[in-house]
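Numbering (the UniProt record's numbering), first residue to last: 1 to 202.
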């Protein structure tokens with residue numbers, strides 16, 4: 001018998017939307033993405049766990065044609081048209097001085113002091129935790145009925161100059177397109193190994 005006090009698994013339809021049938025998109029339907037849904041995505045992203053509630057990710061949402069064109073000029077040739085043609089493209093950046101926000105984000109302890117004099121530790125933690133938040137971004141978008149096309153293949157210096165000049169301590173982690181996906185733009189599903197291939201239980 002199911003214990004009603006325990007969290008219940010998502011149904012298969014939800015799991016399909018988040019994982020089994022979700023795909024990386026290379027193209028999107030001609031359907032705009034309202035700004036309100038970007039706020040809803042963030043409202044979910046911020047709830048995902050990060051170490052000491054660091055929340056180092058800084059998201060730059062490129063919705064206008066001008067912003068997407070400027071971002072397209074910062075990426076590899078194979079990614080440029082994907083960005084230009086997507087309703088929204090998002091720079092998932094990381095704040096290398098995230099520790100300055102810890103007094104209010106993590107009031108339980110003096111977490112700022114853990115990083116204040118250790119630039120390398122800040123860089124590692126910013127990268128690790130902003131990457132986590134990037135994963136939450138993808139799942140949040142899918143949960144709200146949108147699709148994503150995460151990518152690397154960009155010139156970080158150009159992105160910093162074009163979009164982060166007024167925030168010199170922010171650095172791009174990766175980029176993702178966002179919209180209502182065109183399934184015809186996807187490739188055939190690449191292999192997904194069974195448990196025993198890449199897992200060990202000790």
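Glycine residues also receive a C-beta, built at the ideal position from the N, C-alpha and C atoms.
**Q.** Minimum length 4: unbroken alpha helix (DSSP H) runs contained in the UniProt domain "Nitroreductase" (25-180)
**A.** 35-45, 65-72, 77-85, 102-105, 112-115, 119-143 and 156-163
Q) Are the beta-carbon atoms belonging to residue 175 and residue 154 less than 8 Å from one another? A) If you number the chain shown from 1, residue 175 lands on position 175. If you number the chain shown from 1, residue 154 lands on position 154. In contact: residue 175 and residue 154 (Cβ atoms closer than 8 Å).
**Q.** Closest Cα partner of residue 115 within the set 165, 56, 184 and 65
**A.** Stepping through the chain shown from its first residue, residue 115 is reached at position 115. For residue 115, the nearest C-alpha among the options comes from 56.
Q) Between which two residues does the alpha helix (DSSP H) carrying residue 18 extend? A) As a working mapping, residue 18 is identified with position 18 in the chain shown. Premise fails: residue 18 is in no alpha helix (DSSP H) and is neither H nor E.
**Q.** Candidates 135, 95 and 162, of which the one nearest residue 48 by Cα
**A.** Counting from one through the chain shown, the residue named residue 48 turns up at place 48. Nearest of 135, 95 and 162 to residue 48, Cα basis: 135.
Q. Residue 11 CB to nearest chain B CB: under 8 Å?
A. The displayed structure is made up of one protein chain only, and chain B is not part of it.
Q. Under the three-state reduction of DSSP, which class applies to residue 198: helix, strand or coil?
A. Translated into positions along the chain shown, residue 198 becomes position 198. Helix at residue 198.
(Q) For residue 173, which residues in the same chain have their Cβ closer than 7 Å to its Cβ, ignoring the five residues on either side in sequence? (A) To locate residue 173, count along the chain shown from 1; it is residue 173. If we look at residue 173 and ignore the five residues flanking it on each side, its Cβ neighbours are 92, 93, 94, 127, 130, 131 and 134.
Q: Assuming residue 162 and residue 74 form a contact by the criterion Cβ under 8 Å, report the distance between their Cβ atoms to the nearest whole angstrom.
A: Numbered from its first residue, the chain shown carries residue 162 at position 162. Numbered from its first residue, the chain shown carries residue 74 at position 74. 6 Å between Cβ atoms; contact.
Q | Check whether residue 79 and residue 186 have beta carbons under 8 Å apart | A | On the chain shown, residue 79 is found 79 positions in, with the first residue counted as 1. On the chain shown, residue 186 is found 186 positions in, with the first residue counted as 1. No, these two residues do not count as a Cβ contact at 8 Å.
(Q) residue 70 and residue 89 - do their beta-carbons sit closer together than 8 Å? (A) Walking along the chain shown from the start, residue 89 turns up at place 89. Walking along the chain shown from the start, residue 70 turns up at place 70. Cβ distance not < 8 Å, so residue 89 and residue 70 don't count as in contact.
Q) Hey, out of 179, 4 and 105, whose CA is closest to residue 145's CA? A) Here residue 145 corresponds to residue number 145 of the chain shown, with the count starting at 1. Among 179, 4 and 105, the Cα nearest to that of residue 145 is on 179.
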